[in-house]
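Protein chains in written order, with the UniProt record's numbering: chain A, 43 to 309; chain B, 1 to 211.
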């Protein structure tokens, strides 16, 4: 279904967008299986309506919102972001949503809210992968509150002018273009504002491989492969060298969030 | 009486196995040529790695199968199967050198030293080379049967290294189903040899009078 939104040129990279077919058939969404093609094959069982999101924790105004109220909470805009997967590939995707900070304003976090925790739906009946032991379910991701407040952090409802396909995290997900893709929680059912650093899924599963921050950083290798370069899906082929990965995936405006931090240690 | 093919039948069997073993390669070529893969480079790397393991297992299965079935002619397929393991390993290594390092050997070697799972895979590949090189009848003669056999026992090291390489590759995603399955298969195939060797020494039932 169409989802109308005006492009915000301030948040649109010049890179050529990835083909819709590639962006919707090559996915990591382990709730539907671990192969890249699994989400596109199996996510049709996900029911995205009715859908409610609980927003709770260290906030003055906890809220439970259904997807329609969330869609109307702020004007939708289209942003073209680079997406860098921790596995070493990348895409360019026109997303539709609004800055997550709009939602933060509505719930008024208390002074104790230092982090935000996102929880993905984990329903075995709708998600065949939730039976597997690959991760502890539900999938949990998190951000420091200042990261969550950064205008780049996009609460996302659509892509390519349409509502999100199920395999891409319908009906709503985060998109954090300066972080590796897995940091952007999909099919969110709960958003908690918390005091302590959330225990995030991949970090719990392999703390030496996936840090809490997981900012795109060409200088910090994954233990099993280099992060210095990447392959752009649909563009880079056999006869081109892989392209260089950029610090913060090229989004240098987030650098001030991490000033004074040793990013090799806090990877 | 166990089935024993005539030379003509054996030639047919050999040709069929030869073509069957090439199918995965042609399937890859087809998928790439018709542009059906979203990320062909990774797919080729994974696929050739998997087929290397499959052929290592198949090659290691020849001896146990022969003993269980009495089909001694299976031995005549072993060299070809082993060479196919090497063929897919060579493709796998080439994808690594090509796609990951764009033929910069120095960079590739740095990666080999730096990442244990690659180190292990690389060692397994290097160990396969002498086996492939000495696979001809001429080399068997030159080395002498005993020494040749000893050299080719290297495969008992290569297969577990291959499993370890696969296991380690999957470790970060705790996706161990396939590595466990392959590990068990190799364990059974190697374990059978140990068991037979012991039984052979003590003369217990199950020993093979032909050894």
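Ideal placement from N, C-alpha and C gives every residue a C-beta, glycine not left out. All values reported here derive from a predicted model rather than from experimental measurement.
Q: Note down, in chain order, each residue of its chain lying with its Cβ closer than 7 Å to the Cβ of residue 60 (chain A), except the 5 sequence neighbours on either side.
A: Here residue 60 (chain A) is taken as the residue at index 18 of the first chain, counted from 1. Hits under 7 Å: 133, 134, 135, 275 and 276.
Q.
For residue 64 (chain A), would you say it is in contact with chain B, using Cβ-to-Cβ distances shorter than 8 Å as the test?
A. Locating residue 64 (chain A) in the first chain gives position 22, where the first residue counts as 1. True, the Cβ-Cβ gap to chain B drops below 8 Å.
Q) If you follow the beta strand (DSSP E) that residue 96 (chain A) is part of, which residue opens it and which one closes it? A) Locating residue 96 (chain A) in the first chain gives position 54, where the first residue counts as 1. For residue 96 (chain A), the uninterrupted beta strand (DSSP E) segment begins and ends at 94-99.
Q) Considering only residues of the same chain and omitting the five flanking positions on each side of residue 246 (chain A), which have a CB-CB separation below 7 Å? A) What you label residue 246 (chain A) is simply residue 204 of the first chain in a count that begins at 1. If we look at residue 246 (chain A) and ignore the five residues flanking it on each side, its Cβ neighbours are 178.
Q) Which of helix, strand or coil does DSSP assign to residue 168 (chain B)? A) By one-based count along the second chain, residue 168 (chain B) stands at place 168. Under the three-state reduction of DSSP, residue 168 (chain B) is assigned to helix.
Q | Cβ-based neighbour list, residue 180 (chain A), same chain, cut-off 6 Å, excluding 5 preceding and 5 following | A | Numbered from 1 along the first chain, position 138 holds the residue referred to as residue 180 (chain A). Correct list, in chain order: 161, 162 and 164.
Q: Would you kindly work out how many angstroms separate the C-alpha atoms of residue 137 (chain B) and residue 60 (chain B), rounded to a whole number?
A: Along the second chain, read from residue 1 onward, the residue named residue 137 (chain B) stands at position 137. Along the second chain, read from residue 1 onward, the residue named residue 60 (chain B) stands at position 60. One C-alpha to the other measures close to 20 Å.
(Q) In chain order, what are the residue ranges of uninterrupted alpha helix (DSSP H) at least 4 long that sit wholly in the segment 99-153 of chain B? (A) List check, alpha helix (DSSP H) in window: 105-114, 116-133, 137-143 and 145-152.
Q) Looking at C-beta atoms only, is the number of pairs between the segment 132-149 of chain B and the segment 20-34 of chain B that lie closer than 8 Å three or more? A) No: the two stretches stay apart, fewer than three of their Cβ pairs being nearer than 8 Å.
**Q.** Nonlocal neighbours in the same chain, by C-beta distance under 7 Å from residue 40 (chain B), ignoring five residues either side
**A.** In the second chain, residue 40 (chain B) corresponds to position 40, counting from 1. For residue 40 (chain B), the CB contacts under 7 Å within the same chain, skipping 5 residues up- and downstream, are 32 in chain order.
(Q) 8 Å is my cut-off, CB to CB: does residue 46 (chain B) come that close to chain A? (A) Counting from one through the second chain, the residue named residue 46 (chain B) turns up at place 46. Look at residue 46 (chain B): its C-beta is not under 8 Å from any C-beta on chain A.
Q: Could you check what DSSP says for residue 104 (chain A) in three-state terms: helix, strand or coil?
A: Position 62 of the first chain, counted from the first residue, corresponds to residue 104 (chain A). In this structure, DSSP gives residue 104 (chain A) a state outside helix and strand, which the three-state scheme calls coil.
Q: Give the straight-line distance between the Cα atoms of residue 102 (chain A) and residue 156 (chain A), rounded to the nearest whole angstrom.
A: Position 60 of the first chain holds residue 102 (chain A). Position 114 of the first chain holds residue 156 (chain A). If I take the Cα positions, the gap works out to 14 Å.
(Q) Measuring only the C-alpha atoms, how far is residue 233 (chain A) from residue 146 (chain A)? (A) Taking the first residue of the first chain as position 1, residue 233 (chain A) is located at position 191. Taking the first residue of the first chain as position 1, residue 146 (chain A) is located at position 104. Going by the C-alpha atoms only, they are around 10 Å apart.
**Q.** Per DSSP, the bridge partner or partners of residue 136 (chain A)
**A.** The residue you call residue 136 (chain A) lines up with position 94 of the first chain. Per DSSP, A:122.
Q. Is the CB of residue 38 (chain B) under 8 Å away from at least one CB in chain A?
A. Here residue 38 (chain B) refers to the residue found at position 38 when the second chain is read from its first residue. By this cut-off, residue 38 (chain B) is an interface position.
Q: Compare the C-alpha of residue 114 (chain A) against each of A:86, A:198 and A:63 and name the closest.
A: Mapped onto the first chain, residue 114 (chain A) falls at position 72. Across the set A:86, A:198 and A:63, the C-alpha of A:198 shows the shortest separation from the C-alpha of residue 114 (chain A).
Q.
With the cut-off set at 8 Å, would you say residue 216 (chain A) and residue 226 (chain A) are in Cβ contact?
A. Reading the first chain from its first residue, position 174 is the one you call residue 216 (chain A). Reading the first chain from its first residue, position 184 is the one you call residue 226 (chain A). Residue 226 (chain A) is positioned such that its CB atom lies closer than 8 Å to that of residue 216 (chain A).
(Q) Here's the rule I'm using: 16 or more other beta-carbon atoms within 10 Å means buried, otherwise exposed. How should residue 66 (chain A) be labelled? (A) Along the first chain, read from residue 1 onward, the residue named residue 66 (chain A) stands at position 24. Buried, since its Cβ has 16 or more Cβ neighbours within 10 Å.
Q: Note down the Cα distance separating residue 209 (chain B) from residue 102 (chain B), rounded to an integer number of angstroms.
A: On the second chain, residue 209 (chain B) is found 209 positions in, with the first residue counted as 1. On the second chain, residue 102 (chain B) is found 102 positions in, with the first residue counted as 1. For residue 209 (chain B), the predicted structure reports a pLDDT of 44, less than 50, and the residue's modelled location is therefore unreliable. The matter cannot be settled from this model.
**Q.** residue 57 (chain B) burial status per 10 Å Cβ neighbour count (16 or more: buried)
**A.** Taking the second chain and counting its residues from 1, the one referred to as residue 57 (chain B) is at position 57. For residue 57 (chain B), the number of other beta carbons within 10 angstroms of its own is at least 16, and it is reported as buried.
Q) When Cβ atoms are compared, which residues of the UniProt domain "Oxidoreductase molybdopterin-binding" (89-244) of chain A fall closer than 7 Å to chain B? A) Closer than 7 Å at the C-beta level to chain B, one finds these residues of the UniProt domain "Oxidoreductase molybdopterin-binding" (89-244) of chain A: 131 and 176.
Q. Hey, residue 126 (chain A) and residue 258 (chain A): beta-carbon distance below 8 Å or not?
A. Within the first chain, the letter at position 84 stands for residue 126 (chain A). Within the first chain, the letter at position 216 stands for residue 258 (chain A). Inclusion of residue 126 (chain A) and residue 258 (chain A) in the CB contact set at 8 Å is warranted, their separation being smaller than that value.
Q) What residue does the alpha helix (DSSP H) around residue 44 (chain B) start on, and which one ends it? A) Within the second chain, residue 44 (chain B) is the residue found at index 44, counting from 1. 40-69 is the extent of the alpha helix (DSSP H) around residue 44 (chain B).
Q) Is the Cβ of residue 181 (chain B) closer than 8 Å to any Cβ of chain A? A) In the second chain, counting from the first residue as 1, residue 181 (chain B) sits at position 181. By the rule that beta-carbons nearer than 8 Å mark a contact, residue 181 (chain B) does not touch chain A.
Q. In this structure, what does DSSP give as the bridge partners for residue 257 (chain A)?
A. Stepping through the first chain from its first residue, residue 257 (chain A) is reached at position 215. A:221.
Q | Sequence-distant residues of the same chain with beta carbon closer than 8 Å to residue 52 (chain A), five excluded per side | A | Taking the first residue of the first chain as 1, we reach residue 52 (chain A) at position 10. In the same chain as residue 52 (chain A), and ignoring 5 residues on each side of it, no C-beta atom comes closer than 8 Å to its own.
Q: State yes or no: is the C-beta of residue 219 (chain A) within less than 8 Å of the C-beta of residue 185 (chain A)?
A: Taking the first chain and counting its residues from 1, one reaches residue 219 (chain A) at position 177. Taking the first chain and counting its residues from 1, one reaches residue 185 (chain A) at position 143. In this structure, residue 185 (chain A) does not lie closer than 8 Å to residue 219 (chain A) by Cβ.
Q | Cα-Cα separation, residue 44 (chain B) to residue 14 (chain B) | A | For this step, residue 44 (chain B) is matched to residue 44 along the second chain. For this step, residue 14 (chain B) is matched to residue 14 along the second chain. Spanning the two alpha carbons is a distance of roughly 27 Å.
Q | Nearest-angstrom Cβ-Cβ length linking residue 176 (chain A) and residue 264 (chain A), presumed shorter than 8 Å | A | Position 134 of the first chain holds residue 176 (chain A). Position 222 of the first chain holds residue 264 (chain A). In fact, because the Cβ distance is near 18 Å, the residues do not count as touching under 8 Å.
Q. Does residue 35 (chain B) have its Cβ less than 8 Å from a Cβ in chain A?
A. What you label residue 35 (chain B) is simply residue 35 of the second chain in a count that begins at 1. Interface residue (Cβ-Cβ distance to chain A less than 8 Å): residue 35 (chain B) is not classified as such.
Q: Step through the CB atoms of chain B and report whether any lies within less than 8 Å of the CB of residue 78 (chain A).
A: In the first chain, the residue the question calls residue 78 (chain A) occupies position 36. Contact with chain B is found for residue 78 (chain A), since one of that chain's Cβ atoms lies less than 8 Å from the residue's Cβ.
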